[in-house]
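Going by my numbering, the sequence shown opens with residue 5, and the numbers climb by one from there. Backbone N, C-alpha and C fix where the C-beta goes; we use that ideal spot for every residue, glycine too. Since the structure is predicted, the reported quantities are computational estimates derived from the model, not experimental observations. Remarks on the structure that follows.
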Amino acid sequence: MYSWVVFAVGLLLGWRFKRRQLVIGLLVLFAAERALGLAPDAGFSSPGRVVFAAIALLLPLDLALLAWLTERSISAGAGRGVLVLILAELLVVPLLARPELASLAPLLQYTFVPLGLPWLRVPQPAVLAFIAAFGLTMMRFMLSPTIIQSSLAWALIAAFLGLNGGSPALTVYLATAGLVLVVWLIETSHRMAFSDELTGLPSRRALTDALMRLPVLYTVAMVDIDHFKKLNDEHGHAAGDQVLRLIGSTLMRTEGGGRPFRYGGEEFAVLFSGKSVDEALPYIEDLRETIEASTFIVRSQGRPKRRPATRARSSGGQRRVAITVSIGVAEPLDGGADPEDVIRTADQALYRAKRAGRNRVVAAD
Numbered sequence: 005m006y007s008w009v010v011f012a013v014g015l016l017l018g019w020r021f022k023r024r025q026l027v028i029g030l031l032v033l034f035a036a037e038r039a040l041g042l043a044p045d046a047g048f049s050s051p052g053r054v055v056f057a058a059i060a061l062l063l064p065l066d067l068a069l070l071a072w073l074t075e076r077s078i079s080a081g082a083g084r085g086v087l088v089l090i091l092a093e094l095l096v097v098p099l100l101a102r103p104e105l106a107s108l109a110p111l112l113q114y115t116f117v118p119l120g121l122p123w124l125r126v127p128q129p130a131v132l133a134f135i136a137a138f139g140l141t142m143m144r145f146m147l148s149p150t151i152i153q154s155s156l157a158w159a160l161i162a163a164f165l166g167l168n169g170g171s172p173a174l175t176v177y178l179a180t181a182g183l184v185l186v187v188w189l190i191e192t193s194h195r196m197a198f199s200d201e202l203t204g205l206p207s208r209r210a211l212t213d214a215l216m217r218l219p220v221l222y223t224v225a226m227v228d229i230d231h232f233k234k235l236n237d238e239h240g241h242a243a244g245d246q247v248l249r250l251i252g253s254t255l256m257r258t259e260g261g262g263r264p265f266r267y268g269g270e271e272f273a274v275l276f277s278g279k280s281v282d283e284a285l286p287y288i289e290d291l292r293e294t295i296e297a298s299t300f301i302v303r304s305q306g307r308p309k310r311r312p313a314t315r316a317r318s319s320g321g322q323r324r325v326a327i328t329v330s331i332g333v334a335e336p337l338d339g340g341a342d343p344e345d346v347i348r349t350a351d352q353a354l355y356r357a358k359r360a361g362r363n364r365v366v367a368a369d
């Protein structure tokens with residue numbers, strides 16, 4: 005029942021959120037679990053040994069291939085080739101249970117070196133496949149660290165433990181490997197909803213969620229980059245994105261317990277829980293001064309992505325841009341104030357800071 009629930013829920017969520025990597029991974033694990041479940045004598049009868057050894061060999065390699073695919077590449081030529089290969093495995097492996105193919109068992113269970121490990125049920129060719137698959141998955145993770153690669157690495161570990169555990173541990177571990185992939189989907193969806201991809205800061209939705217759990221006393225600072233539209237027009241949107249990332253990284257270092265959020269566009273919010281405006285103002289002013297004192301070097305559009313072996317002397321091609329911010333600050337006037345009203349009040353203070361000449365902090369009256 006556990007495995008059916010995990011795989012059914014996972015496939016439904018994967019289909020709903022259009023996560024083909026998840027769907028394929030769950031189908032591979034479910035097919036392996038069902039095939040081994042239909043051959044409970046795997047490891048004892050010759051046909052069972054062939055099926056068990058084949059699944060133990062192919063399962064880790066399939067998961068490693070998935071780690072090197074992306075949602076986009078799955079629909080491309082290489083991705084389709086991998087899908088055809090996996091589909092062929094699903095059709096061929098059951099045929100290996102035929103008695104006339106029992107002669108394949110010695111090949112799939114070949115012993116390279118006597119290990120003397122009674123708990124190791126997985127044949128040595130499959131052990132090598134697991135080691136290679138884990139190495140390839142971790143290599144992919146180091147090149148492009150994402151949750152899917154780490155989830156597939158844990159799924160490989162769970163599958164290896166399950167194949168060595170025997171029934172009923174086998175079913176539990178393979179279902180747990182599927183559960184790891186489902187958790188990946190949930191975590192990815194949460195990150196997409198509550199995190200800003202460009203800056204890495206919590207998103208506006210995360211701010212709304214945080215405002216619902218605030219104490220009576222708090223301060224909101226609304227931060228807006230001065231002349232951001234002009235910067236975009238003169239230096240391009242890539243430079244604008246670079247500045248947004250740099251401002252985001254600066255806000256992450258806000259002292260005094262301030263929590264930064266990407267509010268939208270060039271506007272950010274910093275939340276000080278348990279602090280009044282007077283208590284938060286010194287930290288907010290320090291933040292403004294830090295940004296003002298920083299020198300932002302805009303990446304030239306012709307700059308190579310890789311650092312050259314020999315560094316050429318700068319000919320003035322690098323563009324240094326002075327960035328400043330205007331900040332409006334507000335706190336609830338009474339304990340029952342709506343947090344959205346506090347944000348609007350802070351926004352009004354921000355507009356006053358803009359009208360007063362920018363690059364300043366203005367607290368609401």
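| Check | Outcome |
| --- | --- |
| Tell me whether Leu202 sits in a helix, a strand or coil according to DSSP, three-state version. | coil |
| Quick one: what's Phe300 bridged to in DSSP? | Val325 |
| For Val27, name the three-state secondary structure that DSSP assigns. | helix |
| Can you grab the Cα-Cα spacing for the pair Ile35 / Leu94, in whole Å? | With the sequence shown as reference, residue 35 is identified as Ala, and Ile is not the correct amino acid for it. In a straight line, the C-alpha of Ala35 is about 7 Å away from that of Leu94. |
| Can you tell me which of the three DSSP states Tyr177 falls into? | helix |
| Report buried or exposed for Ser233, applying the criterion of at least 16 other Cβ atoms within 10 angstroms of its Cβ. | Reading the sequence as shown, one finds Lys at residue 233 and not Ser. Label assigned to Lys233: exposed. |
| Could you give the DSSP three-state label for Val9: helix, strand or coil? | helix |
| Give the C-beta separation of Ser298 and Ile331 to the nearest angstrom, bearing in mind that I take them to be a contact with Cβ-Cβ under 8 Å. | Their Cβ separation, rounded to whole angstroms, is 15 Å, which puts Ser298 and Ile331 out of contact at 8 Å. |
| Mind checking if Lys234 is an interface residue toward chain B, Cβ cutoff 8 Å exclusive? | Included in the structure is just one protein chain, with no chain B present. |
| Would Gly252 and Phe276 be called neighbours here (beta carbons separated by less than 8 Å)? | no |
| Can you tell me where the beta strand (DSSP E) holding Ala350 begins and where it ends? | Unbroken run through Ala350 is the alpha helix (DSSP H), Pro343 to Arg359; no beta strand (DSSP E). |
| Which stretch, first to last residue, makes up the beta strand (DSSP E) that contains Leu275? | Glu271 to Ser277 |
| So what does DSSP say about Thr223, is it helix, strand or coil? | strand |
| Report all residues from its chain with a CB closer than 7 Å to the CB of Val184; omit the five preceding and five following residues, and keep chain order. | Ser155, Trp158, Ala159 and Ala162 |
| How many Å lie between Gly18 and Val86 at the Cα? | 19 Å |
| Taking buried to mean at least 16 other C-beta atoms within 10 Å of its own C-beta, is Asp338 buried or exposed? | exposed |
| Please classify Glu201: is it buried, with 16 or more other beta-carbons within 10 angstroms of its beta-carbon, or exposed? | exposed |
| What first and last residue would you give for the beta strand (DSSP E) that runs through Phe265? | Gly262 to Gly268 |
| Nearest-angstrom Cα distance between Gly361 and Leu147? | 45 Å |
| Indicate the three-state DSSP secondary structure (helix, strand or coil) for Ala197 in the structure shown. | helix |
| Provide the residue span of the beta strand (DSSP E) that contains Ala368, from first to last. | Where Ala368 is concerned, there is no enclosing beta strand (DSSP E), given that its DSSP letter is neither H nor E. |
| Between Val274, Phe138, Pro64 and Ser193, which has its C-alpha nearest Asp351's C-alpha? | Val274 |
| Would you tell me roughly how many angstroms separate the C-alpha atoms of Glu271 and Val247, rounded to the nearest one? | 12 Å |
| Classify Asp290: buried if its beta carbon has 16 or more other beta carbons within 10 angstroms, exposed otherwise. | exposed |
| Would you identify the three-state DSSP class for Asp228, choosing helix, strand or coil? | strand |
| Are the CB atoms of Pro127 and Ala214 within a distance shorter than 8 Å? | no |
| With DSSP collapsed to three states, give me the class of Ser330. | strand |
| In whole angstroms, what separates the C-alpha of Ile151 from that of Gly278? | 34 Å |
| Could you tell me whether the Cβ atoms of Ala136 and Tyr6 are closer together than 8 Å? | no |
| Indicate the three-state DSSP secondary structure (helix, strand or coil) for Ala284 in the structure shown. | helix |
| Should Ala243 and Leu235 be called a contact, given that it needs their Cβ atoms to be closer than 8 Å? | yes |
| Between the alpha carbons of Phe21 and Thr141, how many angstroms are there, rounded? | 24 Å |
| Taking DSSP as the reference, what is the three-state secondary structure of Phe116? | coil |
| Does Arg164 come out as helix, strand or coil in the three-state DSSP assignment? | The amino acid at residue 164 is misidentified as Arg; the sequence shows Phe. The answer is helix: DSSP assigns Phe164 an H, G or I state. |
| Buried or exposed: Val9, going by 16 or more other Cβ atoms within 10 Å of its Cβ? | exposed |
| Taking only three categories from DSSP, how would you classify Val126? | coil |
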